[in-house]
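What follows is one structure encoded as C-alpha cells, with my remarks underneath.
Number of protein chains: 2
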Amino acid sequence: MLPSRNLGPNAYLLGVPGSRHTLDTPALVLDRLALEKNIAKMAAIAERHGIGLRPHVKSHKSVRIARMQIEAGALGVSCATLGEAEAMVEAGIPGVLVTSPIVGTNKLRRFVALADHAGPRQLMVVVDDPRNVAELAVHAARLAYPLDVVIDYHAGYHRTGVTDENAALTLARAIADTGMLTLRGVQAYGGHFQHIEAPAQRKAAASQLRDAVASLVAKLESAGIPIELVTGVGTGTHEADASAGVFTEMQPGSYVFMDVEYNDVLAEGAEASPFDTSLFVQSTVISTQAPQWVTIDAGTKSFATDSGSPVAAAGVEGTSSYAFFGDEHGKLIVDPAHRPSLGAHVEFITPHCDPTVNLYDRYHVIEGDTLVDIWPIEARGRL
Amino acid sequence: MLPSRNLGPNAYLLGVPGSRHTLDTPALVLDRLALEKNIAKMAAIAERHGIGLRPHVKSHKSVRIARMQIEAGALGVSCATLGEAEAMVEAGIPGVLVTSPIVGTNKLRRFVALADHAGPRQLMVVVDDPRNVAELAVHAARLAYPLDVVIDYHAGYHRTGVTDENAALTLARAIADTGMLTLRGVQAYGGHFQHIEAPAQRKAAASQLRDAVASLVAKLESAGIPIELVTGVGTGTHEADASAGVFTEMQPGSYVFMDVEYNDVLAEGAEASPFDTSLFVQSTVISTQAPQWVTIDAGTKSFATDSGSPVAAAGVEGTSSYAFFGDEHGKLIVDPAHRPSLGAHVEFITPHCDPTVNLYDRYHVIEGDTLVDIWPIEARGRL
Numbered sequence: 000m001l002p003s004r005n006l007g008p009n010a011y012l013l014g015v016p017g018s019r020h021t022l023d024t025p026a027l028v029l030d031r032l033a034l035e036k037n038i039a040k041m042a043a044i045a046e047r048h049g050i051g052l053r054p055h056v057k058s059h060k061s062v063r064i065a066r067m068q069i070e071a072g073a074l075g076v077s078c079a080t081l082g083e084a085e086a087m088v089e090a091g092i093p094g095v096l097v098t099s100p101i102v103g104t105n106k107l108r109r110f111v112a113l114a115d116h117a118g119p120r121q122l123m124v125v126v127d128d129p130r131n132v133a134e135l136a137v138h139a140a141r142l143a144y145p146l147d148v149v150i151d152y153h154a155g156y157h158r159t160g161v162t163d164e165n166a167a168l169t170l171a172r173a174i175a176d177t178g179m180l181t182l183r184g185v186q187a188y189g190g191h192f193q194h195i196e197a198p199a200q201r202k203a204a205a206s207q208l209r210d211a212v213a214s215l216v217a218k219l220e221s222a223g224i225p226i227e228l229v230t231g232v233g234t235g236t237h238e239a240d241a242s243a244g245v246f247t248e249m250q251p252g253s254y255v256f257m258d259v260e261y262n263d264v265l266a267e268g269a270e271a272s273p274f275d276t277s278l279f280v281q282s283t284v285i286s287t288q289a290p291q292w293v294t295i296d297a298g299t300k301s302f303a304t305d306s307g308s309p310v311a312a313a314g315v316e317g318t319s320s321y322a323f324f325g326d327e328h329g330k331l332i333v334d335p336a337h338r339p340s341l342g343a344h345v346e347f348i349t350p351h352c353d354p355t356v357n358l359y360d361r362y363h364v365i366e367g368d369t370l371v372d373i374w375p376i377e378a379r380g381r382l
Numbered sequence: 000m001l002p003s004r005n006l007g008p009n010a011y012l013l014g015v016p017g018s019r020h021t022l023d024t025p026a027l028v029l030d031r032l033a034l035e036k037n038i039a040k041m042a043a044i045a046e047r048h049g050i051g052l053r054p055h056v057k058s059h060k061s062v063r064i065a066r067m068q069i070e071a072g073a074l075g076v077s078c079a080t081l082g083e084a085e086a087m088v089e090a091g092i093p094g095v096l097v098t099s100p101i102v103g104t105n106k107l108r109r110f111v112a113l114a115d116h117a118g119p120r121q122l123m124v125v126v127d128d129p130r131n132v133a134e135l136a137v138h139a140a141r142l143a144y145p146l147d148v149v150i151d152y153h154a155g156y157h158r159t160g161v162t163d164e165n166a167a168l169t170l171a172r173a174i175a176d177t178g179m180l181t182l183r184g185v186q187a188y189g190g191h192f193q194h195i196e197a198p199a200q201r202k203a204a205a206s207q208l209r210d211a212v213a214s215l216v217a218k219l220e221s222a223g224i225p226i227e228l229v230t231g232v233g234t235g236t237h238e239a240d241a242s243a244g245v246f247t248e249m250q251p252g253s254y255v256f257m258d259v260e261y262n263d264v265l266a267e268g269a270e271a272s273p274f275d276t277s278l279f280v281q282s283t284v285i286s287t288q289a290p291q292w293v294t295i296d297a298g299t300k301s302f303a304t305d306s307g308s309p310v311a312a313a314g315v316e317g318t319s320s321y322a323f324f325g326d327e328h329g330k331l332i333v334d335p336a337h338r339p340s341l342g343a344h345v346e347f348i349t350p351h352c353d354p355t356v357n358l359y360d361r362y363h364v365i366e367g368d369t370l371v372d373i374w375p376i377e378a379r380g381r382l
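Same order as they appear, the protein sequences are chains A and B.
Those letters in the first sequence? Residues 0 to 382, per numbering that gives the first Met the number 0, in order.
Those letters in the second sequence? Residues 0 to 382, per numbering that gives the first Met the number 0, in order.
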C-alpha cells in the first residue's frame, strides 16, 4: 500500500490552518495538547502517591500514545488481548501486562514467542486456572528464562479471576511447582464499578475491593509467596486507589481521551473532571430535508452503541440531541432557530471512547484547528 | 506487510480438517456453501420476477462477495459510503450506486475522480438537495461524459431524501438544468420497516411506500422526465416488493449472511426463513471460575451492540444466554449440567450482521468444518 492510502483521504490537509473543520468525515479527531495534558496529569498523580502506572492500551490501541505514556514515566502498558500485546512488543514498548487469561494452544504458542522476542521481564499475563498454568508451563519450556505471570482475582465482578483466597493460594503453588513460571503479583480490576456515577457509592466499592485485595496479599505473603506487584485501578477510581497503599500500580485507560460517560463520572459536585476531553468524532450534515432534524454521516459504524449517545461539542448552536439513525447516519435534533446548513461539520464527544476508537483506522491529530499529524491505530481489531 | 500478516494468525490452519473449531478467536466465520446458496436464491427471486438486483455491500464490504453477486446476475452493487464505492470501483466491480448523498468539497472531488476511473454509466449517486446538485455539477465539469444521479425520496423515514413530489420535480429540473448530470431514476429505501417482525405490518408499510413511489414516478414521467430505474427494497421486504412491479431493482444486503434479527423477521409462522445463516463469530471460553456462567473472549468489540444479543449456535449444549461483559468479554450463562470447559469454542449467530462485520479485518471462510480460505474485508472502516 502507498503511504497516502495509509494516511487516508485527509492527508492533503496536513498543516493547513482550520483543517479540523474541513476533514472528510466521519473522522476520529484527537486534540494533541489535551492528550498530552491528560497523560502528564495521571503521571503526576501516580508520582505524587508513589504508585506505578501501567496504562491500558485497550483504550487507544496506538503505539505512539503508548510511547508518550512511557516517556511520561509509565512502567509499561496493560493490554486486553494478545493482538494488542503483539502490536506493542513489536514496536519496542517495554513492560507489557496482558490483563486477561490467554487460552488455547496456538495463542499460548504466540504468547511465548512474543515473550522470547520481548526479553526477560518484559511481558506478563494473568492466570486464574491451574489448567491454564499447566499449559502455559508446557509452552514456556522453550524460553531461556521464566515466564512472568500474575494471579487474577475476581474483584467482585466474576468476569475472570479466582474467586477466593484459597484458590489463589492453590494457584500460586501450582505456578511455583511448574518451575517455568514466576509469580509477579496479583491483579484485581473492578471493571463493574468504574462507571458508577454516585461518587460515594463508587468509592465504597473501590474501598471494599482494596480491603479484599489487602487480605489476599497478606494471605499469600504469610504463606511465603512474595507479591511484588498489585495491579488494577481504572480511570473511575484512580484518585482514592492511588493513595490507599494497597495497589502498587494502576492500569487506567480512558483518562487519555475521556468521553460522555467518564466526564459524568469524574465531574463531582461543582468540581469539573481533572481530565480534558481530547477525543472527538467529526461529522458532516448530509441532508437537511427533514423539518425537525438534520441527518449527519455518523451512525452505529462511527460511534459505539453500548452506552448512550454522543454529545455535540462544536458546530451546532443551541440545544441539540443525537439519536442513532442506522449504520451510517445520525439524527441530530436541533433548535429550529439554529439549524446547521448542508455540509456543516458537527463535532461530537464520543459516548464510550474505547469501542469507538476500535471502529477507526487512524487518529486525526489536531492542534487548535489545524491537522498536524495522522497516527495509525495499530492494534485496531487485533482481538 | 507480509502476506501472512494480512491473513492473520489463523493462516496456518488453511485446509486443515476440523480447523473451524481451533481458530484463534474471536474470529468471524463465513460458511461458503450457505453464502453461495443465499446469493443464488436472491438472484433467482429477482430473475423470476424480472426485477434487477443491485445488492448492498454495506453488509459485507468485500470485493470477493460483490464479485460473486455480479457473477450470479446482479446489475451492480449499492454502497452506503464513498469509501465503499472506491473499494468496489478500484476492484473493477461495475454498476455502483452510492445510496446516500455525498456532501463536501473534497468528497465530491473524490467521487468525480472515481466516476472518471469507472467509466460512463458505471457509478451513480443519490441526491436530495438542489445545493448538492449544483456542487456536483461544478465538479462533474471535468468529466468527458455526464454524471449519473438518482433522486432520493424520504420513504417515510426522513433520513435522507426529498419529502414530497413537488420537491422531487424541482430537483429533477435542477439536475437537467446543470447539463452535466443525467437523472437515472428514483431511490426509496424504507430502512425503518425492514426489521418489523409482524409480517402483516411490515407488508403494509412496504405496500404504502410502493403506492407513494408509483405516484412519484408517474408525476415525474408526466412532466416529461424519464425514470429508468426505481431502486430500494431490503432483505425484510424483498418478497412482496420483487413482484409488485413498482421497483425496477432491489438493494438488499443482509440476505447473504442473515443474523438473529433477520432470522426472526423472515421466519413466518411455520415457515423457516428462505435464507440460511452463513455468518458466525467463533469465541473461546477463557475463564470458568464463576459458578453460573463461563466467560468468553468476545464482547462489545466483537459483536455489534445496537440490536440484542448474539445467540450460541454451536459449542454449548442445553439452553444458554449471552450478555455483554465489557469490551473484550462475554458472559455466557449456561445450563449447569452442560458447562463448557476452559478452552472450549462457542460459535454465535451475530445479533446484527452489518456493524458486526465492520469490526473485523477478514472472513474465515469454511466448508463444513474446514478453513478453506481467508478473505479480506476491503471496505471495513471506509466510512
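Just so you know, even glycine gets a beta-carbon here, dropped at the ideal spot from N, CA and C.
For residue i, count neighbouring Cβ atoms within 10 angstroms of its own Cβ and tell me buried if that reaches 16, exposed if not.
i	result
B/Val137	exposed
A/Thr169	exposed
B/Tyr11	exposed
A/Ser282	buried
B/Gln288	buried
A/Pro8	buried
A/Arg172	exposed
A/Ile332	exposed
A/Gln186	buried
B/Arg158	buried
B/Thr318	exposed
A/Ser214	exposed
If you draw a straight line from the C-alpha of residue i to the C-alpha of residue j, how long is it?
i	j	result
B/Gly103	B/Ala271	45 angstroms
A/Arg381	B/Gly329	17 angstroms
B/Tyr156	B/Ile348	28 angstroms
B/Pro251	A/Glu377	33 angstroms
A/Ile69	B/Phe256	43 angstroms
A/Ala90	A/Arg66	9 angstroms
A/Val212	B/Ser320	31 angstroms
B/Val310	B/Ala175	51 angstroms
A/Pro375	A/Ala26	13 angstroms
B/Arg130	A/Gly342	10 angstroms
A/Ser77	B/Arg338	30 angstroms
A/Met249	A/Phe274	16 angstroms
A/Ile101	A/Gly160	12 angstroms
A/Val124	A/Asp151	9 angstroms
B/Gly235	B/His351	13 angstroms
A/Leu29	A/Leu370	9 angstroms
B/Gly184	B/Ser221	14 angstroms
A/Ser18	A/Val259	25 angstroms
A/Ala322	A/Gly178	56 angstroms
A/Gly118	A/Ser306	39 angstroms
Could you pull the start and end residues of the alpha helix (DSSP H) that residue i belongs to?
i	result
A/Gly82	Leu81 to Glu89
A/Arg108	Thr104 to Ala117
A/Leu12	First-last for A/Leu12: undefined, no H or E at that position.
A/Glu260	Val259 to Leu265
B/Ser242	His237 to Ser242
Hey, could you find the ends of the beta strand (DSSP E) residue i is sitting in?
i	result
B/Ala26	Ala26 to Asp30
B/Ser319	Ser319 to Phe323
B/Ile332	Gly329 to Val333
B/Val132	First-last for B/Val132: Pro129 to Ala139, but that is the alpha helix (DSSP H), not the beta strand (DSSP E).
A/Val126	Leu122 to Val126
B/Val95	Val95 to Val97
TODO: Just list the beta strand (DSSP E) runs in the stretch 147 to 222 of chain B, keeping only unbroken ones of 3 residues or longer that don't cross its boundaries, in chain order.
DONE: 180 to 187
- [ ] For the stretch 273 to 317 of chain B, list the beta strand (DSSP E) runs that are entirely contained and at least 3 residues long, ordered along the chain.
- [x] 278 to 286, 292 to 295 and 310 to 313
Open item on the list: Using 8 angstroms as the cut-off, can you tell me whether the stretch 350 to 367 of chain A makes contact with the stretch 35 to 47 of chain A, which would need three or more C-beta pairs spanning the two stretches below that distance?
Closed with: no
Open item on the list: With three or more C-beta pairs closer than 8 angstroms as the rule, is the stretch 51 to 62 of chain B touching the stretch 290 to 310 of chain B?
Closed with: no
Task: At least three beta-carbon pairs within less than 8 angstroms, the stretch 134 to 151 of chain A to the stretch 105 to 118 of chain A - done: yes
Task: Contiguous beta strand (DSSP E) assignments of at least 3 residues, all confined to the stretch 335 to 378 of chain A - done: 344 to 348, 361 to 366 and 369 to 375
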